[in-house]
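Novice: Note that UniProt numbering gives residue 495 to position 495 of the sequence shown, counting from 1, and the numbers run on in steps of one.
Even glycine gets a Cβ: it sits at the ideal position worked out from N, Cα and C.
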Amino acid sequence: MTAFSEQLVVHRQLDTIPDGYIQVGRANPEQTIKLSIGLASNNNTGLTKRLYEVSMPNSTKYGQYLTKEEVDDHLRPKANTTKAFNQWMSRHGIKPNSTSSSGNHFAIELTVSKAEKLLNTTFHNFNHTSSNQSLIRTKEYSVPSSLHQDILLLQPTTHIPPEPHPRRRNRPRASAVIPSNTTIRRQQPTCQQAVEVPCVQGQYGIPADVQTTDQVGILSFNNQAVQGVSLAKYMGQFRDDISLGSVDVQVISVDGGDNPDPQTHDTTEANLDVQMVLGLVPSARVKVITTASTHADFILNGLDAFNSVLSQSNPPSVITSSYGADESTVNPDSAKAVCEVIKALGARGVTVITSSGDGGVAGDTGGPCTTFNVDFPSSCPWTLSIGATNLRSGTEIGADFSTGGFSRIFAMEDFQVNTFINFQQQMGNTYAGLYNEKGSMVPVLSMVGVVLVAYDQGGFLLADGTSASAPITAAAITALNQIRTSRGEPRLGFASPFMYLNPDVFNDITQGSNPGCNTNGFPAIPAWDPVTGLGSINYPKFAAKL
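(1) Taking all protein chains shown into account, decide if Thr532 is buried (16 or more other Cβ within 10 angstroms of its Cβ) or exposed.
(2) Tell me the DSSP bridge mates of Asn125?
(3) Would you identify the three-state DSSP class for Glu269, choosing helix, strand or coil?
(4) Can you pull the DSSP bridge partners for Asn507?
(5) Please specify which runs of the alpha helix (DSSP H), each continuous and at least 4 residues long, are wholly inside the segment 311-399, giving them in chain order.
(6) With contact counted as at least three CB pairs below 8 Å, one residue from each stretch, are the segment 315-324 and the segment 363-377 in contact?
(7) Could you check which residue in Arg285, Thr395, Phe410 and Asn132 has the C-alpha nearest to that of Ser379?
(8) So Val318 and Val216 are supposed to be a Cβ contact under 8 Å. How far apart are they, rounded?
(9) Give the DSSP-derived three-state secondary structure of Leu119 in the structure shown.
(10) In angstroms with no decimal places, state the Cα-to-Cα distance between Val453 and Met276.
(11) With DSSP as the reference, label Ser246 as helix, strand or coil.
(12) Within 10 angstroms of the Cβ of Pro179, are there 16 or more other Cβ atoms? Answer buried if so, exposed if not.
(13) Please determine, among Gln312, Lys336, Asp241 and Ile299, the residue with the shortest C-alpha to C-alpha distance to Ile252.
(14) Could you tell me whether the segment 65-72 touches the segment 420-431, where touching means 3 or more Cβ pairs closer than 8 Å?
(15) Rounded C-beta distance between Leu35 and Ile108? I'm assuming under 8 Å.
(16) So, helix, strand or coil for residue 572, using DSSP?
(17) Please tell me whether Ile472 and Leu244 are closer than 8 Å, where the distance is taken between their beta carbons.
(18) Considering only the alpha carbon of each residue, which of Val450, Asp456 and Ala527 lies closest to Phe423?
(19) Near Ser101, which residues of its chain fall below 6 Å by C-beta distance, leaving aside the five closest residues on each side in sequence?
(20) Using a threshold of 8 Å, state whether the C-beta atoms of Ala476 and Ile537 are closer than that.
(21) Distance check for Gly405 and Asn436, CA to CA, integer angstroms please.
(22) What does a CB cutoff of less than 6 Å around Ile17 pick up in its chain, not counting 5 residues either side in sequence?
(23) Are the segment 23-35 and the segment 122-129 in contact at 8 Å, needing three or more beta carbon pairs?
(24) Quick check: what's the CA-CA separation for Gln224 versus Thr60?
(25) Give every residue of the same chain whose Cβ lies closer than 6 Å to the Cβ of residue 550, excluding the five residues on either side of it in the sequence, and list them in chain order.
(26) So, is Met1 buried or exposed, given that buried needs 16 or more other C-beta atoms within 10 angstroms?
(27) In three-state DSSP terms, what is Gln7?
(28) Count the other CB atoms, across all protein chains shown, that sit within 10 Å of the CB of Lys343; report buried if there are 16 or more and exposed otherwise.
(29) Beta-carbon separation of Leu480 and Gly535 under 8 Å?
(30) Please classify Phe4: is it buried, with 16 or more other beta-carbons within 10 angstroms of its beta-carbon, or exposed?
(31) According to DSSP, is Pro144 part of a helix, a strand, or is it coil?
(32) Short of 6 Å in beta carbon distance, which residues of its chain neighbour residue 551, apart from the five on each side in sequence? Order them along the chain.
(33) So what does DSSP say about Ser180, is it helix, strand or coil?
(34) Considering Cα atoms alone, identify which of Gly360, Ala270, Gly228 and Ala474 is closest to Ala524.
(35) Given Thr354, which residues of its chain have a CB within under 6 Å of its CB, disregarding the five upstream and five downstream residues?
(36) Ile33 lies in the beta strand (DSSP E); which residues open and close that run?
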């Protein structure tokens with residue numbers, strides 16, 4: 001044993017194997033695995049301070065977003081940390097396959113046997129008895145003592161999701177497909193039966209003629225395919241004022257993601273996201289950032305996707321993601337790593353939008369629950385988390401499936417505190433102990449997410465879910481950004497502080513609830529609540545406040 005290996009200390013441990021999984025033997029030593037490693041930044045506190053400075057409307061530095069180089073300077077590890085990490089890798093003959101632009105995140109592909117030597121551990125196969133999903137994990141691993149405090153992420157190693165969920169988070173709940181030759185009315189009188197583009201425009205006051213050159217990034221996981229023919233059908237039905245040749249959609253691959261044959265891969269979410277954005281803002285340049293993720297490790301694929309955007313000199317002004325997972329199933333190290341990159345994107349002036357989830361106060365647990373839950377990444381305080389509303393009664397109310405509440409991983413931020421005090425004064429002790437009163441608040445706002453019309457796999461369909469609300473919000477923020485840029489002003493960027501300080505730019509929603517965990521869930525009440533957030537965007541009021 002070398003002197004270097006003698007200095008290894010245990011870094012993380014797997015205390016218990018989750019129910020449903022069994023250990024079935026050693027992993028194949030020749031099998032290749034991919035490790036994501038994150039190192040502590042040299043000035044993370046300083047980056048948080050700068051984010052507040054550029055995001056608070058009353059700040060003299062409001063809108064003075066950081067450059068890529070300035071963000072990299074904050075995220076870059078200390079020199080001695082980088083030196084120790086490089087020495088560790090060099091001693092084992094390992095070169096990272098990819099490195100973030102700031103040098104604080106690394107992806108390493110190596111054989112199981114090499115990983116075992118690197119981490120002084122043994123990897124095993126863990127199978128889920130009902131789904132037969134197999135994962136390669138270890139019960140503990142070690143790292144050099146000189147890096148013990150500075151390695152913030154090293155996964156997938158000791159984390160096993162409690163139970164593989166049969167669907168990705170926030171998959172739209174689609175009705176039976178309406179045949180493509182069926183005539184769809186250009187506008188529903190009340191938007192109660194089906195919500196089309198004109199309905200969304202009318203409900204929120206979003207103009208039909210927004211002209212922008214801004215990029216909108218759409219995160220797509222599980223090799224979701226985007227169908228050009230579906231987009232053409234949708235735009236032909238609802239935006240025949242737009243030449244299809246002017247519509248700009250580009251697919252960008254991360255971690256082996258591609259745009260596979262739509263006959264063999266799911267397409268609903270990808271098509272829905274693209275159609276919701278371009279139906280409202282057809283001049284936007286859409287970048288579909290796709291990954292070939294699995295359920296167990298999609299958070300790490302998300303980390304790579306967000307890092308790929310952060311590395312760009314000219315990133316999209318808005319990014320939307322309709323995926324997530326219940327916080328209780330997410331490795332905290334992975335979640336915090338992703339959240340830090342989202343914070344950095346906010347400092348760059350990028351609005352990161354996430355759907356809050358479709359499980360009410362139960363979150364995405366998929367089973368019985370004794371405490372209220374929220375989803376990640378929507379629980380990250382640097383995201384613009386989006387709940388769903390329902391127009392079917394003729395009045396906008398909170399959708400009963402809309403997930404909202406308080407994080408158990410991320411603390412409440414300063415800009416949320418006063419709003420929470422008002423919420424707690426109205427709620428009193430209702431549900432005390434079922435949620436974390438010091439956690440980050442979810443959602444920030446809500447938009448319609450019930451019976452949205454989309455086109456997929458040969459026909460129009462109706463889709464429900466916060467996964468529809470998120471791209472609608474992305475379109476609305478893009479339109480609002482156009483107002484600011486036309487005046488030579490910076491984009492909204494991390495918009496939550498502006499929104500909490502200006503609740504009058506929302507339609508306050510006071511009906512509805514999000515039941516779960518054998519309760520009625522939180523009620524929609526005046527001002528912010530965990531069903532609808534601050535309410536839905538009132539575009540004319542918002543525009544007047546910019």
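Specialist: On the basis of the supplied data:
(1) By one-based count along the sequence shown, residue 532 stands at place 532. Thr532 is buried by the Cβ-count criterion.
(2) Indexing the sequence shown from 1 puts residue 125 at position 125. For Asn125, which the question treats as bridged, DSSP gives the partners Ile136.
(3) Residue 269 sits at position 269 when you count from the first residue of the sequence shown. Looking at Glu269 - three-state DSSP - the assignment turns out to be helix.
(4) Within the sequence shown, the letter at position 507 stands for residue 507. Partner(s): Ser536.
(5) 332-347
(6) yes
(7) By 1-based counting over the sequence shown, the position of residue 379 is 379. Out of Arg285, Thr395, Phe410 and Asn132, Phe410 has the C-alpha closest to the C-alpha of Ser379.
(8) Along the sequence shown, one-based indexing puts residue 318 at 318. Along the sequence shown, one-based indexing puts residue 216 at 216. Their Cβ separation, rounded to whole angstroms, is 5 Å, which keeps Val318 and Val216 in contact under 8 Å.
(9) Translated into the one-based positions of the sequence shown, residue 119 becomes position 119. Helix at Leu119.
(10) Taking the sequence shown and counting its residues from 1, the one referred to as residue 453 is at position 453. Taking the sequence shown and counting its residues from 1, the one referred to as residue 276 is at position 276. Each residue's Cα considered, the two are about 9 Å apart.
(11) As a working mapping, residue 246 is identified with position 246 in the sequence shown. Note: Ser246 maps to helix in three-state DSSP.
(12) Taking the first residue of the sequence shown as 1, we reach residue 179 at position 179. Caution applies to Pro179, whose pLDDT of 43 falls short of 50 and renders its modelled position unreliable; the value that the coordinates give is listed next. Pro179 comes out exposed.
(13) Numbered from 1 along the sequence shown, position 252 holds the residue referred to as residue 252. Selected option, being the one with the closest Cα: Gln312.
(14) no
(15) Within the sequence shown, numbered from 1, the residue matching residue 35 stands at position 35. Within the sequence shown, numbered from 1, the residue matching residue 108 stands at position 108. With a Cβ gap of about 5 Å, Leu35 and Ile108 count as contacting.
(16) Beyond the ends of the chain as shown, which are 1 and 546, falls residue 572; an answer cannot be given.
(17) Within the sequence shown, the letter at position 472 stands for residue 472. Within the sequence shown, the letter at position 244 stands for residue 244. Not a contact, by the Cβ cut-off of 8 Å.
(18) Here residue 423 refers to the residue found at position 423 of the sequence shown. Nearest C-alpha to Phe423: Ala527.
(19) Within the sequence shown, residue 101 is the residue found at index 101, counting from 1. Cβ neighbours of Ser101 beyond the five flanking positions: Asp72 and Ser311.
(20) For the purposes of this step, residue 476 is taken as the residue at position 476 of the sequence shown. For the purposes of this step, residue 537 is taken as the residue at position 537 of the sequence shown. For Ala476 and Ile537, yes; Cβs fall inside 8 Å.
(21) The count along the sequence shown starts at 1 and reaches residue 436 at position 436. The count along the sequence shown starts at 1 and reaches residue 405 at position 405. Approximately 8 Å between the Cα atoms of the pair.
(22) As a first step, residue 17 is located in the sequence shown; it is residue number 17 there, counting from the start. For Ile17, where only same-chain residues beyond five positions count, there are no Cβ hits under 6 Å.
(23) yes
(24) As a first step, residue 224 must be located in the sequence shown, where it is residue number 224. As a first step, residue 60 must be located in the sequence shown, where it is residue number 60. One C-alpha to the other measures close to 43 Å.
(25) In the structure as shown, the chain starts at 1 and stops at 546, and residue 550 therefore has no counterpart that could be examined.
(26) In the sequence shown, counting from the first residue as 1, residue 1 sits at position 1. Residue placement at Met1 cannot be trusted, given a pLDDT of 40 that sits under 50; the coordinates are not used to answer.
(27) Working through the sequence shown from its first residue, we reach residue 7 at position 7. Coil, per DSSP.
(28) Here residue 343 refers to the residue found at position 343 of the sequence shown. Flag for Lys343 reads buried.
(29) Residue 480 sits at position 480 when you count from the first residue of the sequence shown. Residue 535 sits at position 535 when you count from the first residue of the sequence shown. No; because the gap between Cβ atoms is not below 8 Å, this pair is not in contact.
(30) Start at 1 with the first residue of the sequence shown, and residue 4 comes out as number 4. Confidence in Phe4 is poor, its pLDDT being 46 and thus under 50, which makes the residue's placement unreliable; the coordinate value appears in the next sentence. Answer is exposed; the Cβ neighbour count stays below 16.
(31) As a first step, residue 144 must be located in the sequence shown, where it is residue number 144. Strand.
(32) Outside the displayed span of the chain (1 to 546) sits residue 551, for which this structure offers no information.
(33) Sequence index remark: in the sequence shown, residue 180 carries index 180 (1-based). Model confidence at Ser180 stands at a pLDDT of 42, short of 50, so the residue's coordinates are unreliable and nothing is read from them.
(34) Here residue 524 refers to the residue found at position 524 when the sequence shown is read from its first residue. Among Gly360, Ala270, Gly228 and Ala474, the Cα nearest to that of Ala524 belongs to Gly360.
(35) As a working note, residue 354 is residue 354 in the sequence shown. Contacts found: Ser321, Pro377, Ser378, Thr383 and Ser385.
(36) Mapped onto the sequence shown, residue 33 falls at position 33. Counting along the chain, the beta strand (DSSP E) containing Ile33 begins and ends at Thr32 to Leu39.
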